[in-house]
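With the working numbering applied, the sequence shown covers 3 to 544. We put the CB at the ideal spot given by N, CA and C, even for glycine. Here the structure comes first, spelled out in structure tokens, and everything after it is commentary.
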Amino acid sequence: MLQKNRIKLEEISNDILDSLKDKFSSIGKYFSTASPFGQIVNVLSNIYQMVLFYIEDSITELNILTATRKTSIQGLASLVGHNITRKISAEGTIFIKMKPSAPVENIPNAEIILSNYTRIINNKTNLIYTILLNSDFIKLKVVPNQSYSFKIIQGEFEYQTFSSSGEPLQSFTVPIRNKDIENFNVSVFVNNEKWKIYESIYDMSLNTKGCVVKTAVTGGGLDVFFGNGYFGMIPPEGVEIKVEYLITDGSIGNIPVVSSLDIFSFKDIGYSILGDEIDLNDYFTIGMQTPVLFGSDGENIEFTQRIAPKTSRNFVLVTPESYKNFLERFNYFQVIDAFTTLEDDNPFDDNTVYLFLIPDVTKRILTPLDYYNLPEGVFIINDIEKNKIYDLLENGGFQSITKDVVILTPVVKRYILNVVISVFKNADVNFIKDRIVFEVGNYFLMNKRRDRIPRSDIISIVENIQGVDSVFCWFLSEENEKDKILHPDSKELIGLDEFGDIVIGKNEIPILRGGWKDRNDVFYENSINYNKPSIVNIIVKK
Numbered sequence: 003m004l005q006k007n008r009i010k011l012e013e014i015s016n017d018i019l020d021s022l023k024d025k026f027s028s029i030g031k032y033f034s035t036a037s038p039f040g041q042i043v044n045v046l047s048n049i050y051q052m053v054l055f056y057i058e059d060s061i062t063e064l065n066i067l068t069a070t071r072k073t074s075i076q077g078l079a080s081l082v083g084h085n086i087t088r089k090i091s092a093e094g095t096i097f098i099k100m101k102p103s104a105p106v107e108n109i110p111n112a113e114i115i116l117s118n119y120t121r122i123i124n125n126k127t128n129l130i131y132t133i134l135l136n137s138d139f140i141k142l143k144v145v146p147n148q149s150y151s152f153k154i155i156q157g158e159f160e161y162q163t164f165s166s167s168g169e170p171l172q173s174f175t176v177p178i179r180n181k182d183i184e185n186f187n188v189s190v191f192v193n194n195e196k197w198k199i200y201e202s203i204y205d206m207s208l209n210t211k212g213c214v215v216k217t218a219v220t221g222g223g224l225d226v227f228f229g230n231g232y233f234g235m236i237p238p239e240g241v242e243i244k245v246e247y248l249i250t251d252g253s254i255g256n257i258p259v260v261s262s263l264d265i266f267s268f269k270d271i272g273y274s275i276l277g278d279e280i281d282l283n284d285y286f287t288i289g290m291q292t293p294v295l296f297g298s299d300g301e302n303i304e305f306t307q308r309i310a311p312k313t314s315r316n317f318v319l320v321t322p323e324s325y326k327n328f329l330e331r332f333n334y335f336q337v338i339d340a341f342t343t344l345e346d347d348n349p350f351d352d353n354t355v356y357l358f359l360i361p362d363v364t365k366r367i368l369t370p371l372d373y374y375n376l377p378e379g380v381f382i383i384n385d386i387e388k389n390k391i392y393d394l395l396e397n398g399g400f401q402s403i404t405k406d407v408v409i410l411t412p413v414v415k416r417y418i419l420n421v422v423i424s425v426f427k428n429a430d431v432n433f434i435k436d437r438i439v440f441e442v443g444n445y446f447l448m449n450k451r452r453d454r455i456p457r458s459d460i461i462s463i464v465e466n467i468q469g470v471d472s473v474f475c476w477f478l479s480e481e482n483e484k485d486k487i488l489h490p491d492s493k494e495l496i497g498l499d500e501f502g503d504i505v506i507g508k509n510e511i512p513i514l515r516g517g518w519k520d521r522n523d524v525f526y527e528n529s530i531n532y533n534k535p536s537i538v539n540i541i542v543k544k
């Protein structure tokens with residue numbers, strides 16, 4: 003009656019009706035939708051089609067390579083041992099100093115107690131940041147010209163408690179709704195004693211005080227697992243288990259530029275040495291000492307889908323590819339390149355993995371800027387971010403002891419783009435110029451290629467702009483032009499190849515920027531200017 007290749011609702015209904023007509027030698031009016039039996043046939047057809055849809059959906063969502071729903075992909079990734087990277091909080095350093103108008107006479111011994119995890123608020127974004135101390139509290143002497151530096155992290159700490167059943171292999175789920183738990187700042191306490199967090203149950207030895215913490219299969223929370231005695235201690239029956247974690251906002255917590263303004267204020271109170279509550283804003287101002295960086299939005303779902311089938315269970319970084327996969331999980335970098343130099347003649351760096359990293363610029367700027375107005379520094383990992391990456395590799399237990407890691411400092415190479423176009427009749431030339439500048443800037447902003455930037459890519463972009471008939475373009479290299487000024491007879495091309503494409507070196511970042519002269523003494527403005535030689539020069543042929 004029913005055929006596998008006919009699963010549309012109309013086809014199913016027609017097949018059922020044709021079968022009934024043949025079997026009972028009846029005419030169609032007895033099975034029309036106006037009859038009770040016709041209504042039953044219609045309902046059964048719908049149910050049958052839903053069953054087929056359910057089967058198809060089950061087959062699709064049970065394969066991580068074909069699954070489309072986020073929960074399906076994350077669940078399948080967890081089953082193969084992949085721990086999904088959650089959002090990461092931005093970190094930085096602040097300083098506080100006494101206000102000239104502070105009523106010091108109201109403070110016994112001129113001392114204020116500041117507690118660990120004291121919260122401050124960004125007055126511009128209303129995001130919460132937390133002060134991290136090395137102890138439960140410290141005493142601050144309220145005296146003129148005295149300042150104190152503190153590490154801060156974006157977000158605020160919360161905790162949930164559970165009760166142990168005393169059984170082997172206990173597990174607890176920390177449910178979170180409409181919030182995000184930070185990837186690294188999670189602690190587990192059993193009877194107020196902090197237990198170490200391991201990557202796997204099998205990393206724990208006999209009665210080790212430890213546990214395993216994973217991103218919850220259902221997403222948004224945590225799963226906490228304890229041992230069976232042989233691999234990890236079993237928490238005794240009835241003891242309190244506290245899971246402490248940081249709630250974060252991810253990349254929007256980044257403050258890439260040290261502000262001279264008082265953008266922070268205290269959200270929590272302090273105490274006098276007698277225990278009286280004190281409004282810290284009456285006594286201190288807060289300033290930025292370093293940028294607040296490295297906040298990211300966690301693992302991209304497309305990356306999870308791609309990397310989960312390749313998950314390694316040894317959690318060790320050895321090959322350049324494993325370093326690239328590890329860093330890609332943080333969703334913080336625009337370009338990640340890892341390589342060794344085994345092919346060269348220097349045997350002393352054969353165990354070194356070199357990392358070339360370009361951050362995602364959109365996570366490092368506070369306000370939208372076009373490509374041509376971005377400071378060159380936003381394309382380069384600074385020392386604070388480098389140290390954070392080294393900490394992740396060394397303290398996370400991922401790096402092989404036989405490997406050294408060096409994060410390269412990128413070298414900025416500046417180029418000028420010249421474009422010659424012809425346009426169709428009645429085309430809006432100003433609109434075309436603006437679109438060329440915008441599309442080219444967006445191409446360079448999102449570019450991930452590490453070998454070259456072909457002229458053909460630019461030609462393709464410009465050709466697709468409405469009103470453009472034909473196009474020709476070429477690049478000028480600052481380094482090449484300087485070389486030709488010094489060596490006019492030199493035929494060597496620097497930064498370009500014989501096709502006019504930009505050639506990218508191992509540690510180079512090519513950007514479109516002016517502020518320099520070519521061999522003909524033409525100065526290019528470091529801006530977009532249609533009336534002067536500048537970053538992008540567009541010539542319209544009539």
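What does the Cβ neighbour count give for residue i, buried or exposed, with the cut at 16 atoms within 10 Å?
| i | result |
| --- | --- |
| Gly497 | buried |
| Glu465 | exposed |
| Gln468 | exposed |
| Gln401 | buried |
| Tyr161 | exposed |
| Lys544 | exposed |
| Gly517 | exposed |
| Ser173 | exposed |
| Leu319 | buried |
| Ile49 | exposed |
| Leu171 | exposed |
Residues bridged to residue i by DSSP?
| i | result |
| --- | --- |
| Gly272 | Ile280 |
| Phe139 | Ser117 |
| Ile504 | Ile455, Leu498 |
| Gln291 | Answer is none; Gln291 lacks a bridge partner. |
| Ser173 | Phe227 |
| Ala69 | Bridge partners of Ala69: none, in fact. |
| Ile338 | Leu359 |
| Leu54 | Looking at the DSSP assignment, Leu54 forms no beta bridge with any residue, so it has no partner. |
| Ile257 | Val294 |
| Ile1 | The structure shown has nothing for residue 1, since the chain only spans 3 to 544. |
Starting from residue i, follow the alpha helix (DSSP H) in both directions and report where the run begins and ends.
| i | result |
| --- | --- |
| Pro322 | 322-330 |
| Ala79 | 72-81 |
| Val219 | First-last for Val219: undefined, no H or E at that position. |
| Glu304 | 303-309 |
| Glu201 | Run containing Glu201: none; DSSP gives neither H nor E here. |
| Glu483 | 480-488 |
Taking the beta strand (DSSP E) that residue i belongs to, which residues open and close that run?
| i | result |
| --- | --- |
| Phe440 | Taken as a continuous stretch (DSSP letters only), Phe440 belongs to no beta strand (DSSP E), being part of the alpha helix (DSSP H) at 431-448. |
| Leu359 | 354-361 |
| Phe152 | 149-156 |
| Ile541 | 538-543 |
| Asp264 | First-last for Asp264: undefined, no H or E at that position. |
| Gln468 | Note, Gln468: premise wrong, no beta strand (DSSP E); not H, not E. |
| Ile130 | 130-134 |
| Lys244 | 242-249 |
| Val144 | Segment: none, Val144 is in no beta strand (DSSP E) and carries neither H nor E. |
| Ser189 | 183-192 |
| Leu514 | 510-514 |
Beta-carbon separation of residue i and residue j under 8 Å?
| i | j | result |
| --- | --- | --- |
| Asn509 | Pro412 | yes |
| Phe446 | Tyr334 | no |
| Lys2 | Lys211 | The requested residue 2 is not part of the displayed model; the chain covers only 3 to 544. |
| Ala79 | Thr306 | yes |
| Ile122 | Val144 | no |
| Val542 | Ile423 | yes |
| Ile581 | Arg521 | Residue 581 is absent from the model: the chain starts at 3 and stops at 544. |
| Gly289 | Ala92 | no |
| Tyr526 | Ile418 | yes |
| Leu329 | Ile338 | yes |
| Ile504 | Phe474 | no |
| Glu242 | Thr163 | yes |
| Pro311 | Ile75 | no |
| Arg88 | Asn209 | no |
| Ile545 | Glu441 | Outside the shown range of the chain, which is 3 to 544, sits residue 545, and nothing can be said about it. |
| Ser189 | Lys196 | yes |
| Ser149 | Lys99 | yes |
| Phe227 | Ser151 | no |
| Gly240 | Gly300 | no |
| Thr132 | Gly157 | yes |
| Leu282 | Phe268 | yes |
List, from N- to C-terminal side, the beta strand (DSSP E) runs of 3 residues or more that fit wholly inside the segment 92-124. The qualifying runs are 93-100, 113-117, 121-124.
Notebook entry, point to check: Can you give, in chain order, each stretch of the alpha helix (DSSP H) that sits fully within the segment 369-422 and has at least 4 residues?
Noted result: 385-397
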